[in-house]
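Q:
Number of protein chains: 2
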Amino acid sequence: MESQVDEELSKLVHKSIRMCDEGQKPEASKNHNNNTSRGGGERGKDKPGKFVLKTPKGTRDYGPVEMAVRRQVFDVIHSVFHMHGAVEIETPVFELKDVLTGKYGEDSKLIYDLEDQGGEKLSLRYDLTVPFARYVAMNKITNIKRYHVARVYRRDNPAMTRGRYREFYQCDFDIAGQFDAMIPDAECVQLVHQVLSRLDLGDFTIKINHRKILDGLFGVCGVPLEKFRPICSAVDKLDKSPWEEVRKEMVDEKGLDEEVADLIGEYVKLSGKEELIEKLKNDERLKNSKDAQAGLSDMTLLYQYCQSLGCESKVVFDMGLARGLDYYTGVIYEAVLTAGQNQGKDGPVGSVAGGGRYDGLVGMFDPKKKTVPCVGLSFGIERLFTIHEQKQRALSEKLRATQTEVFVAAACKGMVHERLKIISLLHEAGIKTESSYKNNPKILNQLQYAEDNQIPLVVLIGESEVEAGVVKVREVTTRDETTVKREDLVTTVKQKLGTK
Amino acid sequence: MESQVDEELSKLVHKSIRMCDEGQKPEASKNHNNNTSRGGGERGKDKPGKFVLKTPKGTRDYGPVEMAVRRQVFDVIHSVFHMHGAVEIETPVFELKDVLTGKYGEDSKLIYDLEDQGGEKLSLRYDLTVPFARYVAMNKITNIKRYHVARVYRRDNPAMTRGRYREFYQCDFDIAGQFDAMIPDAECVQLVHQVLSRLDLGDFTIKINHRKILDGLFGVCGVPLEKFRPICSAVDKLDKSPWEEVRKEMVDEKGLDEEVADLIGEYVKLSGKEELIEKLKNDERLKNSKDAQAGLSDMTLLYQYCQSLGCESKVVFDMGLARGLDYYTGVIYEAVLTAGQNQGKDGPVGSVAGGGRYDGLVGMFDPKKKTVPCVGLSFGIERLFTIHEQKQRALSEKLRATQTEVFVAAACKGMVHERLKIISLLHEAGIKTESSYKNNPKILNQLQYAEDNQIPLVVLIGESEVEAGVVKVREVTTRDETTVKREDLVTTVKQKLGTK
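In order, the protein sequences belong to chains A and B.
First residue of the first sequence: 1, per UniProt numbering; consecutive thereafter.
First residue of the second sequence: 1, per UniProt numbering; consecutive thereafter.
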């Protein structure tokens with residue numbers, strides 16, 4: 001059967017032809033990473049009176065391809081959360097300012113406040129943990145295993161090329177409730193292990209430590225009680241700074257005796273496996289600390305549970321891990337990618353997940369100070385996006401920003417109603433279908449669009465097809481064509497898509 | 001084989017027993033709709049000095065069951081967006097204040113501003129349309145079909161029982177680009193039709209009108225040009241207020257001549273189908289307006305395309321539809337649920353989706369005023385959630401907040417490591433598995449937990465099972481049990497779950 005479609009197709013010059021008049025090219029590749037605010041300063045201030053088109057400092061837009069990458073990462077994380085039977089909650093993007101006050105120590109200066117427009121004093125959330133504790137206390141919840149994926153806000157110095165923004169996603173998983181020691185804690189370590197394994201971003205280590213071990217250590221070394229948190233906060237910088245700098249902060253800024261600092265220095269450089277835990281249990285100094293011994297016993301139990309959960313090989317006991325936040329009370333952990341490919345332009349990507357036990361936070365919100373013990377973790381998802389995207393690019397996979405399965409094309413003029421009818425028919429069957437927004441688009445442009453967007457099938461019509469009540473179904477990669485009756489179109493398309 | 005599991009099970013007293021010591025009951029049913037801030041005033045202000053545990057005015061938390069409902073609604077909407085080949089984008093939650101200035105007319109006072117903490121002047125986004133236009137202009141995009149699902153912020157008077165909040169979701173779908181008349185516009189109408197049909201929330205109507213018809217009408221009736229937008233904004237209130245009140249606003253507040261108002265009144269009460277369009281084309285007054293005639297021609301074409309797309313039966317041409325926002329320039333539409341069950345406690349739910357053509361907005365951001373024509377729509381998703389939830393409750397379906405497939409239970413003490421090993425094994429195979437966080441949970445409590453949470457399978461172990469290297473797989477609803485070797489566990493579980 002010689003149809004207009006065939007005639008038109010015979011004119012088809014090959015891919016190399018660039019089409020410019022279709023006005024329906026996908027924008028994904030163009031937008032991708034095209035953000036004028038990157039690394040941008042406060043240009044709005046520089047030229048008063050002139051309107052500057054940008055996003056706020058430290059923020060950016062995400063284009064179609066980037067969003068497709070994020071969806072992939074989110075899907076993996078969600079699936080692991082669901083595997084653990086976690087429920088989802090959502091809290092407002094801002095909280096009463098009082099809710100955030102006194103929770104973040106030195107970092108409180110980074111909180112975004114809302115303008116007082118009459119009413120309550122509000123701040124944008126700084127993390128998802130404090131809103132979670134507020135939620136647990138407010139609703140008098142005794143136990144819950146929840147996840148929460150949302151953006152948080154910090155007026156920090158942005159380093160956008162390293163994936164550090166003022167607005168960024170956190171993926172949190174927390175277990176609240178009075179349970180037996182280390183079982184929920186081990187589940188958190190297992191969950192980090194599962195997510196990083198499934199994302200397949202190269203090798204990683206899960207560092208663990210315990211606030212009671214650190215506090216016990218500070219005690220036996222002679223740190224005054226009121227300096228425990230500031231000294232802990234100094235130790236926390238060991239992953240970015242050499243010991244000499246940390247020691248300087250302890251001695252010069254925080255007024256610690258040099259000998260005490262040196263003593264701490266000997267311990268915080270230790271890292272190892274179970275044998276280190278056993279060694280420290282018998283350490284002459286730590287033997288005298290109940291706190292340290294309790295923490296070390298927890299570590300032993302945690303290691304055992306991790307063994308049964310099959311995730312102990314990645315776990316390293318690291319005495320130098322301290323975690324910045326004040327509210328941790330027990331086990332703390334942090335996952336770092338160790339593979340060479342994860343070195344960004346500006347150095348290693350560093351920590352991609354972290355967390356720990358915070359048994360006192362919920363009590364801070366309860367009128368009677370009744371608390372609910374909690375343990376949880378947070379994925380630094382922006383870094384995971386960056387690495388996942390690098391990996392995709394390295395594989396030179398072309399990521400699709402859409403999922404379209406069929407493009408409806410016309411070989412001649414005056415077919416717009418026929419195209420709409422076919423779209424309606426295919427949509428009715430749940431088939432993802434697009435067509436041109438032009439009344440009379442050129443056939444070459446239509447076919448090129450399908451090819452550029454990796455749409456697997458084209459449904460082609462011309463006057464003779466319409467008259468005969470048939471359509472042509474064309475496979476884009478093979479250019480193989482079948483003519484089918486319109487009533488068989490859905491079945492044929494599903495067959496070809498393998499979704500029958 | 002007589003095992004400890006069997007012994008323990010023989011003691012199993014029926015469902016009616018309430019268990020209290022397990023400490024792992026799901027919190028979903030408890031939290032559900034338990035929000036102390038509902039309808040709450042600014043209680044934080046009433047008692048200065050005293051810390052009040054609440055969410056900010058006009059906002060709320062969403063608990064596990066509510067989130068599960070939202071996921072269902074979002075999934076339907078996402079699937080329709082993907083069916084149309086839309087890409088996803090994301091923009092920051094705040095914009096430079098200048099970006100929002102002069103876009104919302106009278107409603108600008110409802111914008112949340114951020115405190116000036118040194119740096120840029122920022123405001124929380126008020127909708128997703130203006131950020132989209134800013135994105136299109138900033139990235140010099142000539143065409144894109146995108147969706148964006150995110151929360152927006154309005155310092156409005158909250159009416160939380162009616163689903164009106166200060167922080168709420170919008171689901172936006174927009175088509176930007178220079179295309180042939182009414183093809184993208186018809187796709188938007190079709191998409192509203194598809195989403196509302198699939199959500200199955202009862203009957204609905206899609207009202208359509210055209211800003212050019214309204215402007216043409218105002219012109220021929222004698223409305224002065226500078227009063228076009230204020231009078232349009234008055235007409236917009238017709239869905240909530242009777243004509244008499246709207247007329248009063250026109251005459252008393254906005255200084256329109258009484259006769260002019262009465263003349264407008266005759267037209268804006270008209271609604272109908274194609275025959276009304278034809279009638280108005282021949283109307284003595286509207287014949288004299290080029291604008292009105294152009295708008296009416298668009299309406300005819302839109303109706304024809306809707307016919308081909310199979311969605312014209314729900315479309316009603318309503319001369320009283322005006323839409324509040326200033327930026328519309330062409331077709332406008334609004335979907336309302338009409339079924340009786342959708343009357344909330346405080347009256348009908350009203351509009352659940354709306355949108356229109358806004359050809360000038362992108363140009364407002366372009367330094368050379370180069371514009372990109374746009375048409376789009378926004379689902380008022382909070383209302384859809386409310387109605388969907390009511391429907392679910394009416395069906396007395398118990399919604400699950402989790403997806404757990406297997407609960408691992410122990411019939412005797414000292415089984416925690418064995419349970420963890422089985423969890424690890426099942427997770428490895430992608431099976432959603434939970435267990436108790438207690439060392440030695442009671443068997444009754446474990447089985448009750450599985451039943452309460454609608455977990456279909458329980459994997460049971462006791463000492464004899466561990467010795468023999470087997471486990472029991474119990475189907476929770478039938479209480480049917482099978483003993484299988486541990487190496488066959490994954491296969492058996494998959495078989496029973498029907499996911500082999």
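For each residue, glycine too, the CB sits at the ideal point set by N, CA and C.
Here the structure is a predicted model, which means the values were calculated and not measured.
(1) So for LYS121(A), helix, strand or coil by DSSP?
(2) Given a limit of 7 angstroms on CB to CB distance, which residues of the stretch 151-169 of chain A reach chain B?
(3) Please list the segments of the alpha helix (DSSP H) lying wholly inside the stretch 155-181 of chain A, counting only runs of 4 or more residues, in order along the chain.
(4) Can the beta-carbon of LYS121(B) be found closer than 9 angstroms to that of ASP113(B)?
(5) On a CA-only basis, which of ILE443(A), ARG70(A) and ALA137(A) is nearest ALA410(A)? Give me that one, please.
(6) Tell me, to the nearest whole angstrom, how far the beta carbon of VAL493(A) is from that of LEU447(A); I am working on the premise that it is less than 8 angstroms.
(7) Using a Cβ-Cβ cut-off of less than 9 angstroms, list which residues of the stretch 81-107 of chain B approach chain A; keep chain order.
(8) How big is the Cα-Cα spacing for TYR267(B) and GLY222(B)?
(9) Do you know how far the Cα of VAL471(A) is from the Cα of LEU489(A)?
(10) Can you tell me whether VAL192(A) is helix, strand or coil according to DSSP?
(11) Using alpha carbons as the reference points, say which of GLY469(B), THR404(B), PHE228(B) and GLU463(B) lies closest to GLY85(A).
(12) Starting from GLY219(A), follow the alpha helix (DSSP H) in both directions and report where the run begins and ends.
(13) Would you mind working out which of LEU238(A), LEU276(A) and LEU225(A) sits nearest LEU256(A), comparing C-alpha positions?
(14) According to the neighbour-count rule (16 or more other Cβ atoms, all chains shown, within 10 Å of its Cβ), is LYS145(B) buried or exposed?
(15) Whole angstroms is fine: what's the gap from ASP46(B)'s alpha carbon to ASP180(A)'s?
(16) Alpha carbon to alpha carbon, how far is LYS97(B) from ASP326(B)? Give it in angstroms, no decimals.
(17) Count the other CB atoms within 10 Å of the CB of PRO131(A); is the residue buried (16 or more) or exposed (fewer)?
(18) Within 10 angstroms of the Cβ of GLU487(A), are there 16 or more other Cβ atoms? Answer buried if so, exposed if not.
(19) At the level of alpha carbons, what is the spacing between CYS311(B) and PRO56(A)?
(20) Measuring only the C-alpha atoms, how far is HIS82(B) from VAL65(B)?
(21) Can you tell which of ARG419(A), LEU361(A) and ARG211(A) has its C-alpha closest to the C-alpha of residue 573(B)?
(22) List the endpoints of the continuous beta strand (DSSP E) containing ILE422(A).
(23) Under 7 angstroms, CB to CB, which of the residues in the stretch 110-129 of chain A have a partner in chain B?
(24) Going by beta carbon distance, what residues of the same chain come within less than 6 angstroms of LEU110(A), once the five residues before and after it are set aside?
(25) Just how far apart, CA to CA, sit GLU389(B) and TYR169(B)?
(26) Quick one: is PRO242(A) buried, meaning 16 or more other Cβ sit within 10 Å of its Cβ, or exposed?
(27) What residues from chain B crowd round LYS432(A), counting only those whose CB sits closer than 7 angstroms?
(28) Determine the burial state of THR329(A): buried for a count of at least 16 other Cβ atoms within 10 Å of its Cβ, exposed for fewer.
(29) Buried or exposed: which applies to ASP200(B), given that a residue is buried once 16 or more other Cβ atoms fall within 10 Å of its Cβ?
(30) Do ALA137(A) and VAL220(A) come within 9 angstroms of each other at the CB atom, strictly closer than that value?
(31) Mind pulling the alpha helix (DSSP H) runs of 4 or more residues that sit fully within the stretch 76-154 of chain B?
(32) Taking only beta carbons into account, state which residues of the stretch 187-215 of chain A come closer than 9 angstroms to chain B, listed in chain order.
(33) Would you report the Cα separation of VAL251(B) and ARG211(B), rounded to the nearest angstrom?
(34) For LYS485(B), report the span of its beta strand (DSSP E) as first-last.
(35) Using beta carbons (cut-off 9 angstroms, strictly below), is LEU460(A) in contact with chain B?
(36) Give me the Cα-Cα distance between ARG71(B) and THR59(B), rounded to the nearest whole angstrom.
A: In brief:
(1) When secondary structure is reduced to three states using DSSP, LYS121(A) falls in the coil class, being assigned neither helix nor strand.
(2) ARG151, ARG155 and GLU167
(3) none
(4) yes
(5) ILE443(A)
(6) In fact, because the Cβ distance is near 17 angstroms, the residues do not count as touching under 8 angstroms.
(7) HIS82, MET83, HIS84, GLY85, ALA86, VAL87, GLU88, ILE89, GLU90, THR91, PRO92, VAL93, PHE94, GLU95, LEU96, ASP98 and VAL99
(8) 14 angstroms
(9) 8 angstroms
(10) Correct three-state label for VAL192(A): helix.
(11) Nearest of GLY469(B), THR404(B), PHE228(B) and GLU463(B) to GLY85(A), Cα basis: THR404(B).
(12) 211-221
(13) LEU225(A)
(14) buried
(15) Because ASP46(B) carries a pLDDT of 41, less than 50, the predicted location of this residue cannot be relied on, and no value is offered for it.
(16) 18 angstroms
(17) buried
(18) exposed
(19) The straight-line gap from Cα to Cα measures roughly 41 angstroms.
(20) 26 angstroms
(21) There is simply no residue 573(B) to check, as chain B begins at 1 and stops at 500 in what is shown.
(22) Here ILE422(A) belongs to no beta strand (DSSP E); instead the alpha helix (DSSP H) covers 416-428.
(23) TYR112, ASP113, LEU114, GLU115, GLN117, GLY119, GLU120 and LEU122
(24) ARG154, ARG155 and ASP156
(25) 16 angstroms
(26) So PRO242(A) ends up on the exposed side.
(27) HIS82, MET83 and GLY85
(28) buried
(29) exposed
(30) Taking a C-beta distance under 9 angstroms as the contact criterion, VAL220(A) and ALA137(A) do not qualify as a contact pair.
(31) 97-100 and 129-138
(32) GLU187, GLN190 and GLN194
(33) 21 angstroms
(34) 481-485
(35) Answer no: the Cβ-Cβ gap between LEU460(A) and chain B never drops below 9 angstroms.
(36) 19 angstroms
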